[in-house]
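Enquirer:
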Amino acid sequence: MGCLTGYRLLNIGRQIAKGNPNARVLVVEGDLRSAIGNSLPDHAGRADIVAASLFRDAASAAVVSGEKLAEGERACYELICGKSRIVEGTEHLVDYRELDCGEIRLYLHKELPNAVGHAEPAFIKALIAEARASKADPPEVTEMDIACHTGGPRVLHEVAKAADATDEQLAASWAVMKAHGNLSGASNLSVLDYQNRVVENGRQWVLCLAMGPGVCIEGLLLQRVSSPPRITESLLCLVARFVSRASDTCPEEEAIEQRVLRTLRRSKSESAASIFEAVLADVEEEEEEEQEEADGIATSHTNDTLLPQKEDEEGKESACRRPKRPSPTHGGA
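Numbering (the UniProt record's numbering), first residue to last: 1 to 333.
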């Protein structure tokens, strides 16, 4: 199923759980895409090299439950509806073959992003119509977040264009793609996880989109049912206060909080751990600079005191060692 596997399995899990309120469906998706790069033909063409370098190995997982949650269980999203569609006349745009010689060949036509972008508007419209037919009340696409397969910059641009969406709506997709590349089908749940845990001020509805061989398009419509366990600005500021009080050498806690907020604003796509590491590195760098400056002042004061004495001692020493002028000798000119 290629790059739409994660959302396809999530939709299948939804259908299974729908028939059993007590169901728990484990969805696991793994892609060993390095197998393509490790089996390049002797005379690799441009398409072979692009396909081998574009993909990364990855795995992702999720649990889909029925309506009845046990005590302590918390759902992130409700799966409202899902849809699959084959785009007619596009079977030649993706070619994947496992040859008898052991080679794995993947061919991606340059028109693939355009074909996906052309088919997406009608597909999205049909998906939203299906949700509304089930008595759900989804807003317009412009008011949703979009969790799209990380197929590459052209794919994300075409999807944004088709959905009339902004880069902010696809923030999770862009962040995962820039950090990890094309994770094939594992990207689906990876992007959704990033959307749930990292993206600040996430919208109530999420439109999930992926595409794969066929060419096929997969879509899911999700509605948030609880807040995610993300590390927010307030929690980071609380940690900043703890750090400032635990160390006498740290700056005032207000100063650290300002660093936290400043780093958060310029590092929205990074994990909370890496953000706080950057803040601590900034604090340590300032401490080192202050220590070097203090050492320099101490050295300067020491030199000011000792140099005259050193010069006097050197003067005496040089006077003591000054050779005597030789006495005139007789003879010679």
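Backbone N, C-alpha and C fix where the C-beta goes; we use that ideal spot for every residue, glycine too.
Since we're looking at a predicted model, the values are computed, not measured.
(1) Using only the alpha-carbon positions, how far apart do Gln-204 and Ala-129 sit?
(2) Using only alpha-carbon positions, find the residue among Gly-214, Met-177, Leu-221 and Gln-195 that is nearest to Asp-57.
(3) May I ask you to list the residues that DSSP assigns as paired with Trp-205?
(4) Can you give me the C-alpha to C-alpha distance between Ala-165 and Thr-142, rounded to a whole angstrom?
(5) Determine the burial state of Ile-217: buried for a count of at least 16 other Cβ atoms within 10 Å of its Cβ, exposed for fewer.
(6) For Pro-21, which residues in the same chain have their Cβ closer than 6 Å to its Cβ, ignoring the five residues on either side in sequence?
(7) Taking one C-beta from the segment 180 to 197 and one from the segment 94 to 104 each time, how about it: are there three or more such pairs within less than 8 Å?
(8) For Cys-208, which residues from the same chain have a beta carbon less than 6 Å from its beta carbon, with the 5 sequence-adjacent residues on both sides left out?
(9) How about Ala-61 and Leu-4: do their beta carbons lie closer than 8 Å?
(10) DSSP three-state call for Gln-309: helix, strand or coil?
(11) Which same chain residues, not among the five before or five after His-118, have their C-beta less than 6 Å away from its C-beta?
(12) What residue from Leu-127, Ile-80, Gly-152 and Glu-73 has the CA that sits closest to Ala-163's CA?
(13) Val-215 and Ala-75 - do their beta-carbons sit closer together than 8 Å?
(14) Can you have a look at Leu-32 and say buried or exposed, based on whether 16 or more other CB atoms are within 10 angstroms of its CB?
(15) Measuring alpha carbon to alpha carbon, tell me which of Arg-105, Asp-295, Ala-115 and Ala-122 ends up nearest Glu-91.
(16) Between which two residues does the alpha helix (DSSP H) harbouring Leu-99 extend?
(17) If you reduce the DSSP assignment to three classes, tell me which class Ser-247 lands in.
(18) So the alpha helix (DSSP H) Lys-18 belongs to, where does it begin and stop?
(19) Which whole-angstrom value is the C-beta distance of Glu-120 and Val-94, which I expect to be below 8 Å?
(20) For Glu-140, which option in Leu-183, Gly-152, Gln-169 and Glu-292 has the closest C-alpha, if you only look at C-alpha atoms?
(21) Looking at the secondary structure, which residues open and close the beta strand (DSSP E) in which Pro-29 lies?
(22) State the start and end residues of the unbroken alpha helix (DSSP H) segment that holds Ser-173.
(23) Tell me whether Glu-78 sits in a helix, a strand or coil according to DSSP, three-state version.
(24) Tell me the rounded alpha-carbon separation between Gly-151 and Gly-82.
(25) Report buried or exposed for Pro-153, applying the criterion of at least 16 other Cβ atoms within 10 angstroms of its Cβ.
(26) Nearest-angstrom Cα distance between Trp-174 and Leu-183?
(27) Does the beta-carbon of Asn-11 have 16 or more other beta-carbons within 10 angstroms, so that it is buried, or is it exposed?
(28) Taking 6 Å as the limit between beta carbons, can you name the residues of its chain near Glu-78, skipping five residues before and five after?
(29) Which of the three DSSP states is assigned to Val-159 in this structure?
(30) To the nearest angstrom, how far is the alpha carbon of Ile-80 from that of Glu-111?
(31) From the DSSP output, which residues share a beta bridge with Phe-55?
Expert: In short:
(1) Within the model, the alpha-carbon separation for Gln-204 versus Ala-129 is close to 18 Å.
(2) Residue Met-177 is the option with its Cα nearest to Asp-57.
(3) Under DSSP, Trp-205 takes part in a beta bridge, and its partners are Gln-223.
(4) Cα to Cα, Ala-165 sits roughly 6 Å from Thr-142.
(5) It counts as buried.
(6) Excluding residues within five positions, the ones whose Cβ falls inside 6 Å are Gly-66, Glu-67 and Lys-68.
(7) The count of Cβ pairs closer than 8 Å, one atom from the segment 180 to 197 and one from the segment 94 to 104, stays below three, leaving the stretches out of contact.
(8) In chain order, Tyr-7, Ala-147 and Leu-220 place their CB closer than 6 Å to the CB of Cys-208, counting only its own chain and leaving out the 5 sequence neighbours on each side.
(9) No, Cβ-Cβ distance for Ala-61 and Leu-4 is not below 8 Å.
(10) Confidence is the limiting factor: at Gln-309 the pLDDT is only 47, short of 50, which leaves the residue's position unreliable, though a coordinate-based value still follows. In the structure shown, Gln-309 sits in a helix (DSSP, three-state: H, G or I).
(11) Closer than 6 Å at Cβ, skipping near neighbours: no residue.
(12) When each option's Cα is compared against that of Ala-163, the closest is Leu-127.
(13) In this structure, Ala-75 sits away from Val-215, with a CB-CB distance that is not shorter than 8 Å.
(14) Under this definition Leu-32 is an exposed residue.
(15) If we check each option's Cα against that of Glu-91, Ala-115 comes out closest.
(16) Per DSSP, Leu-99 belongs to no alpha helix (DSSP H) and is neither H nor E.
(17) With a pLDDT of only 49 at Ser-247, under the threshold of 50, the placement of this residue in the model should not be trusted; the figure read from the coordinates follows. In the structure shown, the three-state DSSP call for Ser-247 is coil.
(18) In this chain, the alpha helix (DSSP H) harbouring Lys-18 covers 5 to 18.
(19) The beta carbons of Glu-120 and Val-94 sit about 16 Å from each other, so the pair does not count as a contact at 8 Å.
(20) Of the listed residues, the one whose Cα sits closest to Glu-140 is Gln-169.
(21) The sequence shown places Glu at residue 29, rather than the Pro named in the question. Counting along the chain, the unbroken beta strand (DSSP E) around Glu-29 starts and ends at 24 to 31.
(22) For Ser-173, the enclosing alpha helix (DSSP H) begins and ends at 171 to 180.
(23) Looking at Glu-78 - three-state DSSP - the assignment turns out to be strand.
(24) The alpha-carbon atoms of Gly-151 and Gly-82 are separated by roughly 20 Å.
(25) Looking at its Cβ environment, which holds fewer than 16 other Cβ atoms inside 10 Å, Pro-153 is exposed.
(26) So the two alpha carbons sit approximately 13 Å from each other.
(27) Counting Cβ neighbours within 10 Å, Asn-11 comes out buried, since at least 16 surround it.
(28) Excluding residues within five positions, the ones whose Cβ falls inside 6 Å are Gln-223 and Val-225.
(29) Three-state result, Val-159: helix.
(30) Taking the straight line joining both Cα atoms gives about 32 Å.
(31) Bridge partners of Phe-55: Asn-182.
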